[in-house]
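Single-structure report; data block below.
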Amino acid sequence: MNICIILAAGEGTRMKSKNSKVLHKLMNKSMIEYVLNASDSVNVGKKIIIAGKNKNDLENILSDTDVIIKEQKIGKEYPYGTGYAVSLALDEIDNNDNVLILTGDTPLIKGQTLKEFMDFHNKNNNIATVLTANIEDPTGYGRIIKDHNGNLIKIVEHKDCTEEELKIKEFNSGFIVINGKALKNSINKLDQDNIQGEMYLTDIFEIIREEGDKISTFLIDDVEEVYGINSKLQLSIAQEVLRKRINSYHMSNGVIMENPNNIFIEDSVIIGKDSEIRSGVRITGNTIIGEDCLIYGDTVIDNTKIGNNVTIKSSTIENSEIGDGTDIGPYAHIRPNSKLGKNIHIGNFVEVKNSNIDNGTKAGHLAYIGDGDLGKDVNIACGVIFANYDGKFKHRTRIGDNAFIGSNVNLVAPLTVEKKGYVAAGSTITKDVREGELSVERAEQRNISGWVKKKEERDSRK
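Quick note on numbering: the sequence shown equals residues 941 to 1402 in the working numbering.
Laid out in structure tokens, this is it:
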């Protein structure tokens, strides 16, 4: 069985945060979730996270994830270091297991890379394999020490390197695949005889080599995949890498992006071919966007299903459904639980909340549609308000097909306007409107002759 151990006990003091390092988010998902997701590519049978003081936080965040979380306690009575951290998981490992050891602060690792890493290990019948990369400035990383045949001799941590070893560019990523029995045997032989006084996990390779077992390195070209995050600056850099990776994926699948450097799309989003996303757009959650859509301006879309040929201009849409051919914005707000049909127009400064709107209906500007059920080809004019709240309860307004609601109308729910019902501008409607009726509710207009002259005479006396 494949076992995965993720080291996540580091406090991350350089993050300057009260929150655990591995729970900091990139593209709205925590670092450790990226690592867990990548590990799925190697068919892991058991996932073990080594936590520190962040154990409770990890349990809360990962409550829906099948993981075992063990706490690495800190104190004079406890050893310190990565070797001790891994030792806490030994009771979960059988001798014949392949153990994949990862670090929780490397969210850029790809699942495909881990699969190739594991396949290489198995194909070469290695006892242990280390994933490595080359970098111009490997400061802080353990160096890969090899013999003249290119075989791994040992890994030396940066602070323990000699002057010659510091010149080596190939470094230890912290990712290891190792046989379960070899891991158990070598961990039990570790000591703390080094400058840091820690149990280095990397010391197991000298032990394994001395016993004549085969150790290899797996060198990857993309050093960004093993980029460790220890500060808010590095977090920002990693997020930029992820953003570019996601946007490149969509463009390679037929999505048009005007300025991909200024578009934010989470990795859970699906976008159809020939849709165009322009600068400033933010798309998050489990959003699905169809084909041939145009989305631009400061638009935010979250957890929404959008059909084909939809245009959205500088608007916010949350937890809703938008049908084919619909046009939204600018500056519209589609709030949760709204369902818009086909060929609908929602114009500037229109807010829709918890409403169902059928095909062909139009609300051009400056309206509030809350808790409404609107039929086909309804016209909602400027300034219409669905007065849905009585101070304690929400009530629904139902409007039939081909109804016409004039400007500056208040519809006081609960209320029904039947099909082809008309409501005159400026009315406040509290009673149902039957089919084919015109409803007018406003004071009779009065034109007062001579009023202005009287006002001017009065004002002149002051």
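Cβ atoms here follow ideal geometry from the backbone N, Cα and C, with glycine treated the same way.
Of the listed residues the options, nearest to residue i (C-alpha basis)
| i | options | result |
| --- | --- | --- |
| Gly1080 | Cys944, His1088, Phe1111 and His1061 | Phe1111 |
| Ala1046 | Asp1034, Lys1109 and Phe1115 | The residue you asked about is not Ala; residue 1046 is Thr in the sequence shown. The candidate whose alpha carbon is nearest that of Thr1046 is Phe1115. |
| Ala1383 | Lys1393, Arg1374 and Ala1364 | Ala1364 |
| Asn1249 | Tyr1329, Lys1394, Ile1196 and Ile1229 | Ile1229 |
| Tyr974 | Gln1136, Val982 and Gly1044 | Gly1044 |
| Pro1354 | Gly1361, Lys1360 and Thr1370 | Thr1370 |
| Thr1224 | Pro1276, Ile1210 and Gly1152 | Ile1210 |
| Gly1220 | Asn1226, Asn1201 and Asp1232 | Asn1201 |
Those residues which DSSP pairs with residue i across a bridge
| i | result |
| --- | --- |
| Ser1379 | Val1363 |
| His1305 | Asn1288 |
| Val1039 | Ile943 and Ile1118 |
| Arg1083 | Val1096 and Phe1111 |
beta-carbon residue i near the ligand SAH non-hydrogen atom, thresh 8 Å
| i | result |
| --- | --- |
| Lys993 | Absence of the ligand SAH is noted for the structure shown, with no ligands found whatsoever. |
Reduced DSSP secondary structure (H/G/I, E/B, other) of residue i
| i | result |
| --- | --- |
| Met967 | coil |
| Met1197 | strand |
| His1190 | helix |
| Arg1338 | strand |
| Arg1222 | strand |
| Lys1172 | helix |
| Ala991 | strand |
| His1088 | coil |
| Ser1113 | strand |
| Lys1010 | strand |
| Glu1397 | helix |
| Glu1258 | strand |
| Ile1067 | coil |
| Lys1099 | helix |
| Ser1156 | strand |
| Glu1216 | strand |
| Gly1023 | helix |
| Asp1242 | strand |
| Leu998 | helix |
| Ile1177 | helix |
Chain-order list of residues whose beta-carbon lies under 8 Å from that of residue i (same chain, five-residue window excluded)
| i | result |
| --- | --- |
| Ile1085 | Leu1092, Ile1093, Lys1094, Ile1095, Val1096, Glu1105 and Ile1108 |
| Lys1063 | none |
| Ile1309 | Val1290, Glu1291, Val1292, Lys1293, Ser1295, Ile1297, Ala1303, Ile1320, Val1324 and Phe1326 |
Check whether residue i and residue j have beta carbons under 9 Å apart
| i | j | result |
| --- | --- | --- |
| Val984 | Asn1035 | no |
| Leu1182 | His964 | no |
| Asn1066 | Val1117 | yes |
| Gly1269 | Asn1288 | yes |
| Thr1014 | Ile972 | The question names Thr, but residue 1014 is Ile in the sequence shown. For Ile1014 and Ile972, no; Cβs fall outside 9 Å. |
| Asp1100 | Ile1075 | no |
| Thr1053 | Asp1162 | yes |
| Phe1158 | His1088 | no |
| Thr1227 | Lys1245 | yes |
Cut-off 6 Å between Cβ atoms - residues of its own chain near residue i, not counting five sequence neighbours on either side
| i | result |
| --- | --- |
| Lys987 | Cys944 and Val1007 |
Other residues of its chain near residue i: CB distance less than 7 Å, five sequence neighbours each side excluded
| i | result |
| --- | --- |
| Asn1348 | Gly1323, Ala1365 and Gly1366 |
| Ala1406 | For the chain, the structure presents residues 941 to 1402; residue 1406 sits outside this window and is missing. |
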